[in-house]
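Working notes, structure below.
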Amino acid sequence: MGTLSLVLLLLSVQWSWAQEDPLLPFSEHLDPEHKVRLKWGFDEIQGTILFELTVNTSGWVGFGFSPKGGMTGADIVIGGVGPEGRYFTDRHAVGKSMPLVDQQQNYKLLSLTESDGKTVMKFQRSIGSCDENDLPITNLPMKLIYAYGQTDDITYHTNRRGTKELNLLKYMPRVNPPNSNFFDITMVNFTVPANQTHYHCKIVRAPTFDRKQHIYRTEPVITNPDLVHHLLLYRCPPSVTEPFEAECYTGVDRECMETVAVWGVGGGAFEFPEVAGLPIGGNVGGFLYRLEVHYNNVNKSAGRVDNSGLRFYYTSDLRQHDAAVLMTGLAVAPGYAIPPKARSFLTYGLCDTAYIPEVLETPHDLQVFSVMLHTHLAGRKVRVGHFRGGKQIDFLAVDENYDFEYQEVTNLGKTKTVKLGDKLLVECTYNTENRSTLTWGGFSTSDEMCLAFLFYYPAMNLSTCVSFPDVTSLGSVMGANDTATWVNMMFMKTWNDMSINQYQQTLKRIDQFVFVTNSNVSVHASTI
């Protein structure tokens, strides 16, 4: 390839990458000929959804939602650029005749252009609907309809129309890139102990590749759905050199804490966005990985053999970015307690990204595209607040109806930028009204966690960004001279609404330890 051709190729690649819009991360062609392309993104917290429709025509374009895939009852927008300028209307169809203009125009046109035989229409609407002529967008598959004409005369569209069913709010692209394959990392004939909770870990070597590959899809391989609660795969630091298998957190496996993949009960496969993939092989090869399986053996069944784990689909066709997963929230340890009889008790875990440069030579901002929120049985709500310059600017993720039995990696709807210096506050709400004793932080199903796993790009050699209350400070404020006295005080305390609230406020006032850990287990700790 000549120098000029190479330069032009690089410029074209850079230009195509520059066109990546974090507000429109999802894309599908609605027609088999690829003449109609829909891009979209959404913000469930704000309750809005953004669309960009590109059609190979210089005439009018139409797009909408249909109850059954036809015109009757459809919610439609029609727009274009005519001799007298732009036109755009919110309409509804009562049959196969011309759609009627809505009295309430609930779609907001943001831009509408026509050039080189293409019309591009960008618009926004609410996810819900207060207009009887507009269909609400739900987290179930919906029938999308489209039509277009060769001129700006809005007449019948002959064969330039179609229907496609998509789940806009829970979109998961199914791509089959060339040169793709898969490998599994699973337990092998592991006999599950007859204990209610068991965390089993297996440190293994992943397949080796001469050059870097990108993992574009992960999915669970579950042989005992009634036992397996969640799966995690961690990358180990170079100091871990030998495979082994044992109960988790009893040996060297504690060093392997860089999250690579995660699955929770109720979840399914996860597909990475087309701009990013998990790197493996090449200069990121040679590492060992730790598979962690949480067995929730409620009936304490004996003799059950398990081969569960994760499947990884990969390709040699590399994507624009390396992706990674960052664990944030409250460090998992027994030094914090949730009182019994609490209708609503909140815990907080802080990730202060200002400390990331303390453990990395070349840190950068995070482009977060997906998240998995995680607590145990007492968890009812999880929110991830996003703070910049001392003010909250957004929620990175929110689940107001958290369900322990349904945990999955969810798309944020748009890519959100976390700048170095931003703070992420993971807030978990628990209900312990039916408990008579303290609930401690820990790994058992009856213990609690408060975590948010952030999927982001470009990847950094970063594993955790968490915080933990200063237990010494907590005990001192509560009148205890040492940890043993504080623990005894917590057990002997009479817990009611007043004492629970006092304890809640005390936790907010005391110092917090903030920890940031890189892939080599180098830790920076600060007190805030």
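Residue numbers for the sequence shown, in mature numbering (1 follows the signal peptide of the UniProt record, and there is no 0): -18 to -1, 1 to 510.
Yeah, the Cβ is synthetic: ideal placement off N, Cα and C, and Gly gets one too.
Contact check, A360 vs A305 under 8 Å by CB: the rounded distance? In fact, because the Cβ distance is near 32 Å, the residues do not count as touching under 8 Å.
To which residues of the same chain is L117 closer than 6 Å at the C-beta, ignoring the five residues directly before and after it? Here the set comprises F47 and D57.
Using the three-state DSSP reduction, which class does F495 fall into: helix, strand or coil? Strand.
For A(-1), count the other beta carbons within 10 Å of its own beta carbon; 16 or more makes it buried, fewer makes it exposed. Which is it? At A(-1) the pLDDT is 35, less than 50, meaning the model places this residue with poor confidence and gives no usable figure here.
Only counting runs of 3 or more residues, tell me where the beta strand (DSSP E) segments fall wholly within the stretch 277 to 325, in order along the chain. Correct list: 286 to 288, 291 to 297 and 306 to 312.
On the CB-based measure, 16 or more other CB atoms within 10 Å of its CB, does E224 come out buried or exposed? So E224 counts as exposed.
For Y181, which option in T232, N206 and E147 has the closest C-alpha, if you only look at C-alpha atoms? Taking only the C-alpha atoms, the option nearest Y181 is T232.
For L(-15), is the classification buried or exposed, using 16 other Cβ atoms within 10 angstroms of its Cβ as the cut-off for buried? With a pLDDT of 38 at L(-15), under the threshold of 50, the modelled position of this residue cannot be trusted; read the value that follows with caution. Residue environment: L(-15) is assigned as exposed (fewer than 16 neighbouring CB atoms within 10 Å of its CB, all protein chains considered).
For A441, count neighbouring C-beta atoms within 10 Å of its own C-beta (all shown protein chains included) and say buried if the count is 16 or more, exposed if not. The residue is buried, with at least 16 neighbouring Cβ atoms inside 10 Å.
Taking C-beta to C-beta, are E201 and Y216 nearer than 8 Å? For E201 and Y216, no; Cβs fall outside 8 Å.
Closest to T36 by CA distance: which of C410, G23, K100 and P49 is it? Nearest option by C-alpha distance: K100.
Between the CA atoms of I60 and D84 - distance to the nearest angstrom: A direct Cα-Cα distance of roughly 12 Å separates D84 from I60.
Need the endpoints of the alpha helix (DSSP H) that residue 511 sits in, please. Missing from the structure shown is residue 511; the chain here goes from -18 to 510 and no further.
Drop a sphere of 10 angstroms on the beta-carbon of Q195, count the other beta-carbons inside from all chains shown, and report buried for 16 or more, exposed for fewer. By the 10 Å Cβ count, Q195 comes out buried.
On the DSSP bridge assignment, give the partners of K373 in chain order. DSSP links K373 through a beta bridge to R370.
Give the single residue among L260, G268 and Y438 whose Cα lies nearest to the Cα of A188. Among L260, G268 and Y438, the Cα nearest to that of A188 is on G268.
Local conformation of E390 per DSSP, three classes: E390 falls in the coil class under three-state DSSP.
Is it buried or exposed, G248, if we count other Cβ atoms within 10 angstroms and call 16 or more buried? By the 10 Å Cβ count, G248 comes out exposed.
Given a cut-off of 8 Å, decide if T310 and A434 are closer than it, judged by their beta-carbon atoms. Result yes, Cβ atoms of A434 and T310 sit closer than 8 Å.
Would Q446 pass as a contact of G457 if the rule is Cβ separation under 8 Å? Here residue 446 turns out to be Thr, not Gln, going by the sequence shown. No. Outside cutoff.
Could you tell me how far apart the beta carbons of F294 and S352 are, in whole angstroms, since I believe they sit closer than 8 Å? 16 Å between Cβ atoms; not a contact.
Quick check on the DSSP output: what are the complete alpha helix (DSSP H) runs of length 4 or more inside the stretch 438 to 487, in order along the chain? Counting only runs that start and end inside the stretch 438 to 487, the alpha helix (DSSP H) elements of at least 4 residues fall at 453 to 459 and 465 to 474.
Ignore the nearest five residues each way along the sequence and tell me which others in S(-7)'s own chain have a CB closer than 6 Å to its CB. In this predicted model, S(-7) has a pLDDT of only 37, less than 50, meaning its place in the structure is not dependable; the value taken from the coordinates is given anyway. Within the same chain, S(-7) has no close Cβ partners at all.
Between R362 and the rest of its own chain, which residues show a CB-CB distance below 7 Å, the 5 nearest in sequence each way excluded? If we look at R362 and ignore the five residues flanking it on each side, its Cβ neighbours are Y384, T411, Y412 and N413.
Would you give the residue range spanned by the beta strand (DSSP E) that C333 belongs to? Residues F327 to D334.
Could I get the ranges of all uninterrupted beta strand (DSSP E) runs contained in the stretch 91 to 124, with 3 residues as the minimum, in chain order? Entirely contained in the stretch 91 to 124, the beta strand (DSSP E) runs reaching 3 residues are, in chain order, 100 to 108.
Look at the Cβ atom of E430, then the Cβ atom of G423, and state whether they are nearer than 8 Å. Going by C-beta atoms, E430 is nearer than 8 Å to G423.
Can the beta-carbon of G317 be found less than 8 Å from the beta-carbon of T168? No; because the gap between Cβ atoms is not below 8 Å, this pair is not in contact.
In whole angstroms, what separates the C-alpha of L270 from that of V341? Answer to the nearest angstrom: the Cα atoms are 21 Å apart.
How about the stretch 394 to 405 and the stretch 370 to 381: do they share at least three Cβ pairs that are nearer than 8 Å? The stretch 394 to 405, when compared against the stretch 370 to 381, does touch it at the 8 Å Cβ threshold.
For a test of the three-state rule: what should DSSP assign to P159, helix, strand or coil? Judged by DSSP in its simplified three-state form, P159 adopts coil rather than helix or strand.
If you drop the 5 nearest sequence neighbours on each side, which residues of the same chain put their C-beta closer than 8 Å to that of E26? Excluding the 5 residues flanking it on each side, E26 has same chain C-beta neighbours closer than 8 Å at I109, L151, V380 and G395, in chain order.
Taking the alpha-carbon of F105 as reference, which of Q28, D113, T71 and C112 has the nearest alpha-carbon? Residue T71 is the option with its Cα nearest to F105.
Looking at the structure shown, is L420 part of a helix, part of a strand, or coil, going by DSSP? L420 falls in the coil class under three-state DSSP.
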